[in-house]
Amino acid sequence: MNSENDPNYSPLRDVAQSPEATARYLADVQRVLLDIGKNLETLAHETRVHLRDTHVEGDRWYHARLRAMPVEKALGQVLKNLNNLTEGLEKSAYKRRAHDEAVVNTAKGRKEKELERQRKKNPPVLQAAPNQPQQGAQGQNSGYGGPTSIYDLGKRESA
Numbered sequence: 010m011n012s013e014n015d016p017n018y019s020p021l022r023d024v025a026q027s028p029e030a031t032a033r034y035l036a037d038v039q040r041v042l043l044d045i046g047k048n049l050e051t052l053a054h055e056t057r058v059h060l061r062d063t064h065v066e067g068d069r070w071y072h073a074r075l076r077a078m079p080v081e082k083a084l085g086q087v088l089k090n091l092n093n094l095t096e097g098l099e100k101s102a103y104k105r106r107a108h109d110e111a112v113v114n115t116a117k118g119r120k121e122k123e124l125e126r127q128r129k130k131n132p133p134v135l136q137a138a139p140n141q142p143q144q145g146a147q148g149q150n151s152g153y154g155g156p157t158s159i160y161d162l163g164k165r166e167s168a
């Protein structure tokens, strides 16, 4: 159905519809960003070395370091943002998979809740215990179902 002639076609639409494809795409982006991060770390280190070695006549020993600090801080912030970005990509891939699992589990959970509601509305009918004959014939009933008072013992003796 998707074709490149369709004006609403988006190549990432297919990726967004599948958690596996989303994870693969985000992993590829993360891999590229990590490669860029390695290059930026090297650049930051080389820039630091060069800027701290750049002395002007009349400088004290710490002046070059003070001049280099804003540049070092900016590059450090870029590296920090890059690391946060790669962590966010990984987290979003997990969240995407968890979303699909939650959708599947939601359907199952709703079915289970509906069955539970049906059980509560129509509880299973418990069968009553068979009726025993009345206490008229106490000679036959010498078990626990007999008299409830010591005055009703009849022919039996108390302990």
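Residue numbering for the sequence shown follows this note's numbering, beginning at 10 and increasing consecutively.
Yeah, the Cβ is synthetic: ideal placement off N, Cα and C, and Gly gets one too.
Note that the coordinates shown come from a computational prediction; the quantities given were computed from them, not determined experimentally.
Confirm, please, whether the CB-CB distance from residue j to residue i is below 8 Å.
{"i": "Pro28", "j": "Arg105", "result": "yes"}
{"i": "Arg57", "j": "Ala73", "result": "no"}
{"i": "Gly85", "j": "Ala53", "result": "yes"}
{"i": "Thr31", "j": "Ala102", "result": "yes"}
{"i": "Glu99", "j": "Gln39", "result": "yes"}
What residue range is occupied by the uninterrupted alpha helix (DSSP H) comprising residue i?
{"i": "Leu42", "result": "28–62"}
{"i": "Asp109", "result": "72–130"}
Would you tell me roughly how many angstroms separate the C-alpha atoms of residue i and residue j, rounded to the nearest one?
{"i": "Ala36", "j": "Leu49", "result": "19 Å"}
{"i": "Arg69", "j": "Glu96", "result": "41 Å"}
{"i": "Ala137", "j": "Lys130", "result": "20 Å"}
{"i": "Tyr34", "j": "His59", "result": "38 Å"}
{"i": "Leu21", "j": "Lys122", "result": "36 Å"}
{"i": "Lys120", "j": "Asp109", "result": "17 Å"}
{"i": "Ser19", "j": "Ala25", "result": "10 Å"}
{"i": "Gly67", "j": "Glu55", "result": "24 Å"}
{"i": "Asn14", "j": "Asp23", "result": "16 Å"}
{"i": "Arg126", "j": "Val113", "result": "20 Å"}
{"i": "Pro132", "j": "Leu124", "result": "12 Å"}
{"i": "Ala107", "j": "Gly118", "result": "16 Å"}
{"i": "Arg128", "j": "Pro139", "result": "25 Å"}
{"i": "Leu75", "j": "Asn90", "result": "23 Å"}
In chain order, what residues of the same chain lie with their CB nearer than 7 Å to the CB of residue i, ignoring the 5 residues before and after it?
{"i": "Leu43", "result": "Thr95"}
{"i": "Leu88", "result": "Gly46, Leu49, Glu50, Ala53"}
{"i": "Ala77", "result": "Arg57, Leu60, Arg61"}
Please work out which residues of its chain come closer than 6 Å, Cβ to Cβ, to residue i, disregarding the five sequence neighbours upstream and downstream, and give them in chain order.
{"i": "Val41", "result": "none"}
Quick one: what's got a C-beta closer than 8 Å to residue i's C-beta in the same chain, skipping five residues either side?
{"i": "His64", "result": "His72, Ala73"}
{"i": "Glu92", "result": "The identity of residue 92 in the sequence shown is Asn, whereas the question assumes Glu. The residues are Gly46."}
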